[in-house]
Amino acid sequence: MNNISAKEYAASNLAPSIFYKKEVESKIFALIDCNNFYVSCERLFRPDLNNKPIIVLSNNDGCIVSRSNEAKSLGLPMGGPLFKYKNIIKNNNVNIFSSNYKLYSDISYRVMNSLRSFCPDIEIYSIDEAFLRLDKMSICNINNFANNIYSKVSKWTGIPISIGLAPTKTLSKIANNIAKTRSEFLGVCNLSDIKNIDAIFKNMKVSEIWGVAKKTEAKLNSINIFTIYDFKNSNQKLIRKILGVVGERIFLELNGVSCLDIQEVSVRKHISYSRSFGEKQTKFEEISQAIANHTSCACAKLRRQKTVAKGIIVYIATSPYSQKENYSNSYSIALDNPSSNSAEFIKKAQECLKKIFRHGYSYHKSGIVLFDISEENILQESFLESKIDDERNKKLMKIIDDSNYKSKSQILFFASQGIQRKWQTKKDLCSPCYTRWEELATVK
DNA sequence: TCTGGGGTCCTAGGACCC
DNA sequence: TCTGGGGTCCTAGGACCC
């Protein structure tokens, strides 16, 4: 069955209903989403925390990024800064964790592998979400199949999930939302089975649609579109005029015309690494260490995806919330030849920092971006650089990467990254990484 | 006192070319 | 004297996602 692009659809004279029918028959997407993922990972090894309010914090213990249902009902908002909610947290004995990304990515890997065993046509959309395309498989009963995924994944990994089924990705996100929020669906919602879908859509705000946030919501509200039902039944040309191709695509997807398919994994186009400092920093030396560290981590990522970058951007900033005079600046340098060598990029990063560092400010954050990324194997050989040096550097990087991978930590690093690391991010409430040998849970 | 981090895609506008 | 316009590429910024 041909996929009809939004453009082709817009250009066609055929009645929409013909397309809708064809598309409904042609594709079935399942969106699988882990419930309160970070919180669920923490609970996995701490069953004593079931049914208790838990929150997980962002880097530097700054904001709330994951909440258990109990924490949600206390009114703790997603993204809320921790210090504003100290009272609620204290009065209700809310359990707090710093984010433990090593643990979460290990658990995520388990969940995704389980999903892949059901359907190879998978797009891992984020650490806790994946789309499956089910219509290419021979499945007798799609609902039974989804129910099976639902129970097996929870059983195998211990992580609760929700599943939304629909003929487009946008609709499957909505179906997933319904599965998650309405207990009568028992965690799995097939949108095509719902008889009174209009009644449900009339009760959902446009901001509940994937791709519609504040700005877009305001634009839609201004033309009297408030609910998903309103949006779905509005005028395509008007939507195109007001929201551009992105909005038009959403409109079509809501109407069952699939414009977005499963995406293959592609190499990152930029790799960035930035952190707020645990405490404000004023000295060049400390910030220089942090920058060297960010650069080294980003280069390791670059090598892991077998790519090279042409240049680096370095930036530093004072806190945007500070009452004092603010300063932020960035500087970039392009290399003569693309590289993935940490030492080379660290040197350039420090040149950048010298250009932008100003005395007299308390810095809050620093970061780097590697840009113009291309695949390693299509790298052009330089005429100037010595090939022997190049080979030696590659070997050195491989030794560093292998050792750090084996030890699952940074046992080999550059002196410029520093040892004291006064700038390091705050992570006071971190759980053990239960999935690694040296931190396995103990049974008493 | 204390407010995260890493991405993607799209668009508008400028520079440049013929 | 009359002073175009279309195409392409690049970049910065906006909007959104989790």
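Okay, so the first sequence: first residue is 3 according to our numbering, each after it adds one. For glycine and all other residues, C-beta sits at the position ideal for the given N, C-alpha and C.
List the endpoints of the continuous beta strand (DSSP E) containing residue i.
{"i": "K282", "result": "I273 to Q283"}
{"i": "R69", "result": "I66 to R69"}
{"i": "V310", "result": "T309 to T320"}
{"i": "E131", "result": "E131 to R135"}
{"i": "Y40", "result": "Counting along the chain, Y40 falls outside any beta strand (DSSP E), though it belongs to the alpha helix (DSSP H) covering F39 to L46."}
Ends of the alpha helix (DSSP H) at residue i?
{"i": "R112", "result": "Y103 to F120"}
{"i": "I264", "result": "Unbroken run through I264: none, as it is neither H nor E."}
{"i": "F99", "result": "Unbroken run through F99 is the beta strand (DSSP E), N97 to F99; no alpha helix (DSSP H)."}
{"i": "K239", "result": "Q238 to L256"}
{"i": "N145", "result": "I144 to T159"}
{"i": "F286", "result": "F286 to R306"}
{"i": "K182", "result": "K171 to T183"}
{"i": "K88", "result": "K88 to N93"}
Run the CB neighbour count on residue i, radius 10 Å, all protein chains shown included, and call it buried at 16 or more, exposed below.
{"i": "C142", "result": "exposed"}
{"i": "V247", "result": "exposed"}
{"i": "K23", "result": "No answer about K23 holds up, because its pLDDT of 38 lies below 50 and its placement is not dependable."}
{"i": "I225", "result": "exposed"}
{"i": "G77", "result": "exposed"}
{"i": "H296", "result": "buried"}
{"i": "F1", "result": "What is shown of the chain runs 3 to 446, which leaves residue 1 out entirely."}
{"i": "W425", "result": "buried"}
{"i": "T170", "result": "buried"}
{"i": "I401", "result": "exposed"}
{"i": "Y407", "result": "exposed"}
{"i": "E25", "result": "Because E25 sits at a pLDDT of 42, beneath the cut-off of 50, its placement in the model cannot be relied upon, and the point is left open."}
{"i": "L474", "result": "Residue 474 lies beyond the residue range present for the chain, which begins at 3 and ends at 446; the question has no answer from this structure."}
{"i": "N89", "result": "exposed"}
{"i": "L245", "result": "buried"}
Going by alpha carbons, who is nearest to residue i out of the options?
{"i": "A300", "options": "Y323, I318 and N343", "result": "N343"}
{"i": "C261", "options": "V269, K271, S268 and E250", "result": "E250"}
{"i": "S274", "options": "I289, Q238, K285 and G313", "result": "G313"}
{"i": "S332", "options": "V310, I358 and K349", "result": "I358"}
{"i": "F120", "options": "S110, F147, N97 and V247", "result": "F147"}
{"i": "T309", "options": "H272, S174, S330 and E441", "result": "H272"}
{"i": "I165", "options": "N150, S409, K356 and V67", "result": "N150"}
{"i": "M399", "options": "F373, A302 and R242", "result": "A302"}
{"i": "P434", "options": "L136, S101 and N71", "result": "S101"}
{"i": "S110", "options": "A132, E327 and I98", "result": "A132"}
{"i": "V41", "options": "L33, K29 and M80", "result": "M80"}
{"i": "Q307", "options": "S268, A294 and D338", "result": "S268"}
{"i": "N64", "options": "I370, F279 and P55", "result": "Strictly speaking, residue 64 in this sequence is Gly, with Asn absent from that position. Considering only alpha carbons, the answer is F279."}
{"i": "S324", "options": "K282, T218 and Q426", "result": "K282"}
{"i": "I318", "options": "S276, L337, E353 and D338", "result": "S276"}
{"i": "L337", "options": "E327, C354 and S330", "result": "C354"}
{"i": "N71", "options": "N97, K397, K88 and P83", "result": "N97"}
{"i": "G82", "options": "K88, M139 and I66", "result": "I66"}
{"i": "D130", "options": "N115, R305 and T172", "result": "N115"}
{"i": "Y231", "options": "R242, K239 and S209", "result": "S209"}
{"i": "S341", "options": "K367, I375 and N328", "result": "I375"}
{"i": "N52", "options": "F415, G160 and S107", "result": "G160"}
{"i": "Y363", "options": "S334, P322 and N379", "result": "P322"}
{"i": "E327", "options": "R305, Y365 and I348", "result": "Y365"}
{"i": "S368", "options": "V214, F347 and S330", "result": "S330"}
{"i": "I57", "options": "S68, F373, R48 and K197", "result": "S68"}
Go ahead and pull the three-state DSSP assignment for residue i.
{"i": "C435", "result": "coil"}
{"i": "H366", "result": "strand"}
{"i": "K23", "result": "Confidence at K23 is low in this model, with a pLDDT of 38, below 50, so its placement is unreliable and the value that follows should be read with caution. DSSP places K23 in helix when its eight states are reduced to three."}
{"i": "S376", "result": "strand"}
{"i": "N198", "result": "coil"}
{"i": "S344", "result": "helix"}
{"i": "A229", "result": "A small fix is needed here, since residue 229 is Thr in this sequence, not Ala. Strand, per DSSP."}
{"i": "D338", "result": "strand"}
{"i": "K326", "result": "coil"}
{"i": "S224", "result": "helix"}
{"i": "K138", "result": "coil"}
{"i": "L76", "result": "coil"}
{"i": "D50", "result": "helix"}
{"i": "R394", "result": "helix"}
{"i": "I421", "result": "coil"}
{"i": "D123", "result": "coil"}
{"i": "S411", "result": "coil"}
Determine which residues share a DSSP beta bridge with residue i and list them.
{"i": "G166", "result": "L33 and C191"}
{"i": "Y333", "result": "V316"}
{"i": "L59", "result": "I66"}
{"i": "P83", "result": "C65"}
{"i": "S128", "result": "E131"}
{"i": "V371", "result": "S274 and I315"}
{"i": "K207", "result": "T229"}
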